[in-house]
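These notes concern the structure reproduced below.
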Amino acid sequence: MAEGVKPRVKAPKSASAGETVVIKTLISHQMESGQRKDSDGNVIPRSIINRFTCDYNGQNIIDVTLAPAISTNPYFEFEAVIPDAGDMKFTWYDDDGSVYEETKSVAIA
Amino acid sequence: MKMASLKTMTASVATLALCAGVATADENAELVVNGEIHMVTRTDAPEHLENIDVIRSGWTFRTEETQALQLDDFDNPGMIFVEEAIEDWDTVEGSEGKACADCHNAVEDTMVGVRAVYPKWSEAAGEVRTLEMQINDCRENRMGAEKWGYTSGDMTNMVALISSVSRGMPVDVAIDGPAQETWETGKEIYYTRYGQLEMSCASCHEENYDNYIRADHLSQGQINGFPTYRLKNAKLNSVHARFKGCVRDTRAHTFSPGSPEFVALELYVASRGNGLSVEGPSVRN
Amino acid sequence: MEFTRRGAIALGAGVAVTLMLPARGALAAAEDRIAEFTGGAATGEGGITLTTPEIAENGNTVPIEVDAPGAVSIMVLASGNPTPDVCTFNFGPLAGAQRASTRIRLAGTQDVVAVAKMADGSFVQAQNTVKVTIGGCGG
């Protein structure tokens, strides 16, 4: 597991049924591109988050493939429809095999 | 004197490529963080400033896109490092078995207003101290822990945490009384030309702010936004690290972070921003 | 060797071609990616909005947004990067809009390209030039 990786999510705690809400996500991650060299001139191996998904009650909202051109601390903003109360699940996949997860519950107001 | 003024001109002509403000954001844009912290980004200069009428936060010199990153704590990558510091605040370290929180309780209760008045004269130490010096004093003498490197990540993140709870408060460092001598030293350094390029802080940040140095839109060099998250290196940057970078760019041997010279300079530069809001952690390019 | 005006022009032209090669290479790579994404189908215009800054103060963190109502997925490419891939957004059944924003790295001034695959299998494309400034101060 890469060091200092921490997912953060900004999602509303409640919504009305069928409402479209804005979601923001940010995960602290170096996103080492594989293009950089260390002080000895050796290439620093690529180590990035390569996929991010967001699902709601098992149904997909967004599924993103990431390349090294995504900035340090990958940030995404997107929109989701909330049909009923449930759990929003966020998953980040690391090159090193690690999987980082976060869940936010949304109530129907 | 004639030689000096000739050199001044050469330096200015050689290093400053002036062009129109193509990337300038809206002149009247207001900085309101999280929809609730109203920042003063332009205000009348403090009385001691002779050559500038209106002081401006570095935020006002950035493009709209860079400015936007500071409007919301979730969008501000600097807050990631503040979160890291919150963990350190509660972490017991050293021989005394103490964390910051053991003496200072919750940072949002006890540290409000602290950033705004630092650097500050310490009666006990008999010197002007920066926040970094005070933090290391705590670590060494109260916690029995190892000092942090002056511009290390841990240190800069902690300064950002302490700064974050004073956001929106006016910078108000004292320049009289026992601090005056240090302040005057800082002022002298500010106006001294260093390096092969023979540039002083004032060459860029007083005489040429709002102009361009190659593609950089020169600011007034205010430090009310420090520590600042820079897009360039994707981390928080401390005041002294920035000073060092600037002095190095004049092709001079720089003073060391934490040196008496940079402490004095920090007090003086902070005082040039008396009246602007504490913004740290800000976002800059 | 004797330098003549004609010779100098010929030499200059040769240098110019050489200098253009890397850029052509990157563009070709981007075109290859688009062809893979579309399966060789032609891309139309309109129906997709790509929002990018005109000038990025630093290439490390450039905010972008893509919006293509009705799209199944949107691929973003940076035509002037060492490799053009940036990201691909695939929208699921609960997507509230086919819109997303992120922050990307640009190695220099270049065109950012977005290609959307629409629900009917057609493709639309948008591209913007982003000028990446190189600062005067290394500090």
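Chains as they are written, first to last, in full-length UniProt numbering: chain A, 1 to 109; chain B, 1 to 285; chain C, 1 to 139. Note that CB positions come from ideal geometry on N, CA and C, so glycine has one too. Just so you know, these numbers come straight off a predicted model, no measurement behind them.
For Ile134(C), there is no enclosing beta strand (DSSP E), since its DSSP letter is neither H nor E. In this structure Tyr194(B) touches Thr250(B) by the C-beta definition: roughly 5 Å separates them, less than 8 Å.
Spatial neighbours of Lys98(B) in its own chain (CB-CB distance under 7 Å, excluding positions within 5 residues in sequence) are listed in chain order as Val92, Arg142 and Met143. For Arg42(B), the uninterrupted beta strand (DSSP E) segment begins and ends at Arg42 to Asp44. Assignment of Thr102(C) by DSSP, reduced to helix, strand and coil, places it in the strand class. The beta-carbon of Val64(A) is placed less than 9 Å from the nearest beta-carbon of chain C. Residues of the region 55-72 of chain B with a C-beta atom less than 9 Å from some C-beta of chain C are Arg62, Thr63, Glu64, Glu65, Thr66, Ala68 and Leu69, listed in chain order. Counting the other Cβ atoms within 10 Å of the Cβ of Tyr229(B) gives 16 or more, which makes it buried. Here Thr91(A) is not near Gln30(A), since their CB atoms are 9 Å or more apart. The beta carbons of Cys204(B) and Tyr190(B) sit no closer together than 9 Å.
For Val171(B), the closest alpha carbon among the candidates Ala145(B), Gly94(B), Gly153(B) and Arg42(B) is that of Arg42(B). Residue contact check for Pro63(C) against chain B: a CB pair falls below 9 Å. Closest option to Gly35(B), judged by alpha-carbon separation, among Ser57(B), Asp75(B) and Val114(B): Asp75(B). Every alpha helix (DSSP H) stretch that sits fully inside the region 168-245 of chain B and reaches 4 residues is listed by chain position as 180-190 and 201-205. Residues of chain B whose Cβ lies closer than 7 Å to the Cβ of Asn58(C) are, in chain order, Leu231, Lys232 and Asn285. Under the Cβ criterion of 9 Å, Arg272(B) is not counted among the residues facing chain C. The straight-line gap separating the alpha-carbon atoms of Thr66(B) and Ile27(A) is approximately 19 Å. In terms of Cα proximity to Glu123(B), the closest of Met158(B), Val269(B) and Ala179(B) is Ala179(B). Taken atom to atom, the span from the alpha-carbon of Gly225(B) to that of Glu64(B) is near 17 Å. In this structure Ala119(C) is not in contact with Val76(C), their Cβ atoms being roughly 19 Å apart against a cut-off of 8 Å. Of all C-beta pairs linking the region 1-15 of chain A to the region 36-43 of chain A, fewer than three are shorter than 8 Å, placing the two stretches out of contact. With contacts defined as CB atoms closer than 9 Å, Pro227(B) and Thr182(B) fail to qualify as a contacting pair. Within its own chain, the residues whose Cβ lies closer than 8 Å to the Cβ of Phe123(C), once the five positions on either side in sequence are excluded, are Phe37, Thr38, Ala41, Ala42, Thr43, Gly44, Val115, Ala116 and Lys117, listed in chain order. Inclusion of Met39(B) and Gly113(B) in the CB contact set at 9 Å is not warranted, their separation being larger than that value. Thr83(C) places its beta carbon 9 Å or farther from that of Pro74(A).
Residue environment: Val132(C) is assigned as buried (16 or more neighbouring CB atoms within 10 Å of its CB, all protein chains considered). The beta carbon of Ala97(C) sits closer than 8 Å to the beta carbons of Asp67 and Pro69 from its chain, once the five residues preceding and following it are set aside; these are given in chain order. For Val278(B), the three-state secondary structure derived from DSSP is coil. Counting along the chain, Arg272(B) sits inside the alpha helix (DSSP H) bounded by residues Pro260 to Arg272. Each residue's CA atom was taken as its position, placing Tyr212(B) and Phe61(B) some 11 Å apart. The secondary-structure analysis by DSSP pairs Val113(C) across a beta bridge with Leu77(C) and Gln127(C). A Cβ of chain A is located within less than 9 Å of the beta carbon of Glu83(B). A distance below 9 Å separates the beta carbons of Met158(B) and Trp89(B).
Ranked by Cα distance from Tyr268(B), the options Leu218(B), Trp59(B) and Val239(B) are led by Val239(B). Contact holds between the region 55-66 of chain C and the region 102-110 of chain C, because three or more Cβ pairs, one in each stretch, are under 8 Å apart. If you draw a straight line from the Cα of Arg214(B) to the Cα of Asn285(B), it is about 14 Å long.
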